[in-house]
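Colleague: First residue of the sequence shown? That's 1 in UniProt numbering, and the numbers climb one at a time after it.
We put the beta carbon where it would ideally sit given N, CA and C, even for glycine.
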Amino acid sequence: MPVPVLCPCGTGSPYEMCCGMYHNNPGTAPTAETLMRSRYTAFAIGNFEYIAQTQKLEDEPDQASADIRDSNENTQWIKLEINDTKDGLEKDKSGVVAFSAHFKEGKHIGRLSERSIFKKIKGKWFYISGEHDVKKNTPLINSAAMNIGRNDPCLCGSGKKYKKCCAVT
Numbered sequence: 001m002p003v004p005v006l007c008p009c010g011t012g013s014p015y016e017m018c019c020g021m022y023h024n025n026p027g028t029a030p031t032a033e034t035l036m037r038s039r040y041t042a043f044a045i046g047n048f049e050y051i052a053q054t055q056k057l058e059d060e061p062d063q064a065s066a067d068i069r070d071s072n073e074n075t076q077w078i079k080l081e082i083n084d085t086k087d088g089l090e091k092d093k094s095g096v097v098a099f100s101a102h103f104k105e106g107k108h109i110g111r112l113s114e115r116s117i118f119k120k121i122k123g124k125w126f127y128i129s130g131e132h133d134v135k136k137n138t139p140l141i142n143s144a145a146m147n148i149g150r151n152d153p154c155l156c157g158s159g160k161k162y163k164k165c166c167a168v169t
């Protein structure tokens, strides 16, 4: 997938100055929320190696990037919303980030809501586990940012026009 101009994580910052920094240097995300945003972006752009490098799953410690790719290759991530955070700052050893991630699979849209648990191990943040709920065929929550014209840049951050990117069914 092409490198996006704007970061898909929703900060409005250029990719290279946002999650791109962490993708180029795994293990450098300063907070649990930053790691969560960078992992979402990695899913959105297909950087499954970064996903594998930034997790230490309790239930599947040896999950490979190919396994992650296989289970996500038909999902297009469209929007991230951070709902809540608890701890996970630079000084903390653990943190929780609750989020909603809107996605598209074929002609269907849905929303993944998750409460993710992160731990800092030897100075680096890792995703450990999460409690999630997936709702299919959910309405995409509209916001001012979602009012997009066909010729506007796509919200996913690809740099393409909306009509040539996420608007394609």
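Going by other Cβ atoms of all chains shown within 10 Å of its Cβ, with 16 needed for buried, is Gly10 buried or exposed?
Modeller: By one-based count along the sequence shown, residue 10 stands at place 10. Gly10 comes out buried.
Colleague: Which residues in the same chain as Arg111 place their Cβ atom closer than 6 Å to its Cβ, once the five residues preceding and following it in sequence are excluded?
Modeller: Here residue 111 refers to the residue found at position 111 when the sequence shown is read from its first residue. Closer than 6 Å at Cβ, skipping near neighbours: Ser100, His102, Lys135, Thr138.
Colleague: Mind checking who Pro26 pairs with in its DSSP beta bridge?
Modeller: Locating residue 26 in the sequence shown gives position 26, where the first residue counts as 1. The partner list for Pro26 (beta bridge, DSSP) is empty, contrary to what the question assumes.
Colleague: From the DSSP output, which residues share a beta bridge with Gln55?
Modeller: Taking the first residue of the sequence shown as position 1, residue 55 is located at position 55. For Gln55, which the question treats as bridged, DSSP gives the partners Tyr127.
Colleague: Comparing alpha-carbon positions, which option in Glu16, Gly27, Gln63 lies nearest Ser129?
Modeller: As a first step, residue 129 must be located in the sequence shown, where it is residue number 129. Here the closest residue by C-alpha is Gln63.
Colleague: Would DSSP call Glu105 helix, strand or coil?
Modeller: On the sequence shown, position 105 is the one that residue 105 refers to. In the structure shown, Glu105 sits in a strand (DSSP, three-state: E or B).
Colleague: Report the residue from Asn151, Gln76, Pro30 whose alpha carbon sits nearest the alpha carbon of Ile121.
Modeller: Within the sequence shown, residue 121 is the residue found at index 121, counting from 1. Ranking the options by Cα distance to Ile121, first place goes to Pro30.
Colleague: With distances taken Cα to Cα, identify the nearest neighbour of His132 among Glu114, Lys79, Ile82, Leu80.
Modeller: Working through the sequence shown from its first residue, we reach residue 132 at position 132. The residue with the shortest Cα to Cα distance from His132 is Glu114.
Colleague: On a Cα-Cα basis, can you pick out the residue from Phe48, Lys91, Lys79, Leu57 that is closest to Asn72?
Modeller: If you number the sequence shown from 1, residue 72 lands on position 72. When each option's Cα is compared against that of Asn72, the closest is Phe48.
Colleague: Taking all protein chains shown into account, do 16 or more other C-beta atoms lie within 10 angstroms of the C-beta of Leu6, making it buried, or fewer, making it exposed?
Modeller: For the purposes of this step, residue 6 is taken as residue 6 along the sequence shown, with counting starting at 1. Buried.
Colleague: Which residues does DSSP pair with Gly95 in a beta bridge?
Modeller: What you label residue 95 is simply residue 95 of the sequence shown in a count that begins at 1. Note: Gly95 sits in a beta bridge opposite Asp87, Phe118.
Colleague: Comparing alpha-carbon positions, which option in Ala98, Thr75, Trp77 lies nearest Lys86?
Modeller: By one-based count along the sequence shown, residue 86 stands at place 86. Ranking the options by Cα distance to Lys86, first place goes to Ala98.
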